[in-house]
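Undergrad: One structure, pasted below without further comment.
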Amino acid sequence: MQIIAGIYKKRKIEAPKGEKVRPTSEQLREALFNICQQRIEEALFLDLFAGSGAVGLEALSRGANHSTFVENDKGSFSMIKRNVAALDCGKSARLLHGDATKMLQKLSKEGREFDIIFADPPYCKESSNRKDLLSEEIVRLIDLSDLLRKGGLLFVEEGKKGLFEMPLKTLELVNARSYGGSTLYQLEKAL
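For what it's worth, my numbering labels the leading residue of the sequence shown as 140, then goes sequentially.
So this is what it looks like as structure tokens:
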């Protein structure tokens, strides 16, 4: 796996192996940063369910001031540490090990705000109970907090189109684009 563009362009980073982890594809990463290219410069970026950290590292490569990485899996968390060290960008990174919902609550209590948030939770299975949909829980937590600045962007990678049918208070679903077996949802916080 490699960084696509920016100051770390073509730099290799470690990628997870095995079926347990599903890295965000280069195609989807490229699409994500094409959408937010006018907003990434000097942005504060949050990468939830960070895996290898590829998305947050791509944000730093493209000019974000800071990336916060949240990952619960110990092996993936160690990989993010190694990737941050390999790119020598530790001063622009914060790594948080733990459950994403708990880390969102922690960041909210700290008064943290982000310009762009990317979440890539485990995909919903067609047979799963909609009340248990982790991506919707994440969106709900962000919707009801001040974590995303006004006018900020939230991107959620999920497996199926048409998942977000819940009422939102501060967020608006702007777009949903499919890339292979993934859908990238784009939400924006009201001004």
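The beta-carbon is built from N, C-alpha and C at its ideal position, and this holds for glycine as well.
These numbers come from a predicted model, not from an experiment.
1. Do the region 247-255 and the region 210-222 meet, that is, are 3 or more Cβ pairs less than 8 Å apart?
2. Is it right to say residue 266 is buried, meaning 16 or more other beta carbons lie within 10 angstroms of its own, or is it exposed?
3. Less than 7 Å between C-beta atoms, sequence neighbours within five positions excluded: which residues of the same chain meet that for residue 201?
4. Would you identify the three-state DSSP class for residue 334, choosing helix, strand or coil?
5. Quick check on DSSP: helix, strand or coil for residue 304?
6. Taking only runs that begin and end inside the region 142-220, name each unbroken alpha helix (DSSP H) of 4 or more residues, in chain order.
7. Would the region 185-197 count as touching the region 223-242 if we require 3 or more Cβ pairs under 8 Å?
8. In chain order, what residues of the same chain have a beta carbon less than 7 Å from the beta carbon of residue 229, not counting five sequence neighbours either side?
9. Going by other Cβ atoms of all chains shown within 10 Å of its Cβ, with 16 needed for buried, is residue 329 buried or exposed?
10. Assuming residue 274 is part of the alpha helix (DSSP H), what are its boundary residues?
11. Which residues share a DSSP beta bridge with residue 295?
12. From the DSSP output, read off the bridge partner residues of residue 317.
13. Among 276, 259, 297 and 163, which has the Cα closest to the Cα of residue 307?
14. Between residue 207 and the ligand NAD, is there a pair consisting of the residue's CB and a ligand heavy atom that are separated by less than 7 Å?
15. For residue 329, name the three-state secondary structure that DSSP assigns.
16. Could you give the DSSP three-state label for residue 250: helix, strand or coil?
17. Would you kindly work out how many angstroms separate the C-alpha atoms of residue 283 and residue 182, rounded to a whole number?
18. Can the beta-carbon of residue 246 be found less than 8 Å from the beta-carbon of residue 293?
19. Going by alpha carbons, who is nearest to residue 257 out of 220, 320 and 174?
TA: With the given structure in hand:
1. Too few Cβ pairs lie closer than 8 Å, so no.
2. For this step, residue 266 is matched to residue 127 along the sequence shown. Note that residue 266 scores a pLDDT of 41, beneath 50, so its modelled location is shaky; the value from the coordinates is reported in the next line. Flag for residue 266 reads exposed.
3. Along the sequence shown, read from residue 1 onward, the residue named residue 201 stands at position 62. Cβ neighbours of residue 201 within its own chain (closer than 7 Å, five residues either side excluded): 144, 145, 172 and 179.
4. Residue 334 is absent from the model: the chain starts at 140 and stops at 330.
5. On the sequence shown, residue 304 is found 165 positions in, with the first residue counted as 1. Collapsing the DSSP output to three states places residue 304 in coil.
6. If we require 4 residues or more, the alpha helix (DSSP H) runs fully inside the region 142-220 come out as 165-174 and 193-200.
7. Counting Cβ pairs under 8 Å, three or more are found: they touch.
8. Start at 1 with the first residue of the sequence shown, and residue 229 comes out as number 90. The residues are 223.
9. Counted from its first residue, the sequence shown places residue 329 at position 190. Counting Cβ neighbours within 10 Å, residue 329 comes out exposed, since fewer than 16 surround it.
10. As a first step, residue 274 must be located in the sequence shown, where it is residue number 135. Counting along the chain, the alpha helix (DSSP H) containing residue 274 begins and ends at 273-282.
11. The count along the sequence shown starts at 1 and reaches residue 295 at position 156. Paired residue(s): 258 and 324.
12. Taking the sequence shown and counting its residues from 1, one reaches residue 317 at position 178. As a beta-bridge residue in DSSP terms, residue 317 pairs with 322.
13. Here residue 307 is taken as the residue at index 168 of the sequence shown, counted from 1. Comparing Cα-Cα distances from residue 307 to each of 276, 259, 297 and 163, the minimum goes to 276.
14. As for the ligand NAD, it is missing from this structure, which has no ligand bound.
15. In the sequence shown, the residue the question calls residue 329 occupies position 190. Residue 329 falls in the coil class under three-state DSSP.
16. Within the sequence shown, the letter at position 111 stands for residue 250. Here residue 250 sits in coil by DSSP.
17. Numbered from 1 along the sequence shown, position 144 holds the residue referred to as residue 283. Numbered from 1 along the sequence shown, position 43 holds the residue referred to as residue 182. C-alpha separation (whole angstroms): 21 Å.
18. Here the question's residue 246 lines up with position 107 in the sequence shown. Here the question's residue 293 lines up with position 154 in the sequence shown. Taking 8 Å as the Cβ cut-off, residue 246 and residue 293 do not qualify as a contacting pair.
19. On the sequence shown, position 118 is the one that residue 257 refers to. If you compare the alpha carbons of 220, 320 and 174 with that of residue 257, the shortest gap goes to 174.
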